[in-house]
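This report concerns only the one structure given below.
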Amino acid sequence: DAGVIQSPRHEVTEMGQEVTLRCKPISGHDYLFWYRQTMMRGLELLIYFNNNVPIDDSGMPEDRFSAKMPNASFSTLKIQPSEPRDSAVYFCASRTGGRGNTIYFGEGSWLTVV
Amino acid sequence: GESVGLHLPTLSVQEGDNSIINCAYSNSASDYFIWYKQESGKGPQFIIDIRSNMDKRQGQRVTVLLNKTVKHLSLQIAATQPGDSAVYFCAENRNSGYALNFGKGTSLLVTP
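Chains B and Z, in that order, give the protein sequences. Going by this note's numbering, the first sequence opens with residue 2, and the numbers climb by one from there. Going by this note's numbering, the second sequence opens with residue -8, and the numbers climb by one from there.
In structure tokens form, the structure reads like this:
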């Protein structure tokens, strides 16, 4: 079975540019999560969706960050404008409903803003 | 505040020895816990989970112990192998909801 698929795997961009990260969750999973990982802060939840509806976006750092889920098989995380402090690994993850079900992670998008 | 923390940032063990990775949590309302393994350049991978109505759960070479009295979680790896070298994260269900709150991670290094 295909896991969570993320693209791009690596991106280097200049400060001020728009960055769009993409995610395809596991088929049949109705929860989708965006996490950010840095050495200083570890794995932080940015936002999660249930049935394509944002449920908790309290982790989104600021208005420069936005996330959408137009359908059950696709989500985007956009940063506009990007800043060097946004450099991190961004993970998308998904799970089925029901309490206690495992969250499955993609391989991550490694973002460097210079 | 609510958080998941790890006692040790790094752990070095010899191949063949048993490893124990510890984790403390502060949210007494958490009812589900997971251990993840993250290898360099990859996403976190599920290892084992445990619900709060259990004290112990065993998998293949791994055991998770939960002590709700002191809010402590541990991961035991038997006969540690070089392939076990990775960063290990404990996580709890966030605000008793559907997302997970992760600890900072423990780096496990297995030496020959």
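We put the CB at the ideal spot given by N, CA and C, even for glycine.
Residues near ASP58/B by beta carbon distance below 6 Å, same chain, minus five either side: ILE48
Three CB pairs or more closer than 8 Å across the stretch 58 to 69 of chain B and the stretch 2 to 10 of chain B: no
Which partner residues does LEU64/Z have in the DSSP bridge list? CYS14/Z and LEU57/Z
Beta strand (DSSP E) segment containing ASP8/Z, residue limits: Where ASP8/Z is concerned, there is no enclosing beta strand (DSSP E), given that its DSSP letter is neither H nor E.
Between the beta-carbon of ASP26/B and the beta-carbon of SER95/B, is there less than 8 Å? According to the sequence shown, residue 26/B is Pro rather than Asp. Against a cut-off of 8 Å, the Cβ pair of SER95/B and PRO26/B comes out as a contact.
From this set, PHE37/Z, TRP26/Z and THR71/Z, which residue's C-alpha is nearest SER3/Z's C-alpha? THR71/Z
Starting from the beta carbon of ILE27/B, find every residue of chain Z whose beta carbon is closer than 8 Å, and list them in chain order. Per Cβ cutoff of 8 Å: no residues; ILE27/B is ~12 Å from chain Z at best.
Can you pull the chain Z residues whose beta carbon is under 7 Å from the beta carbon of PHE106/B, in chain order? GLY34 and PRO35
Considering only DSSP beta bridges, list what PRO117/B is partnered with. With chain B running from 2 to 115 in the structure shown, residue 117/B is simply not present.
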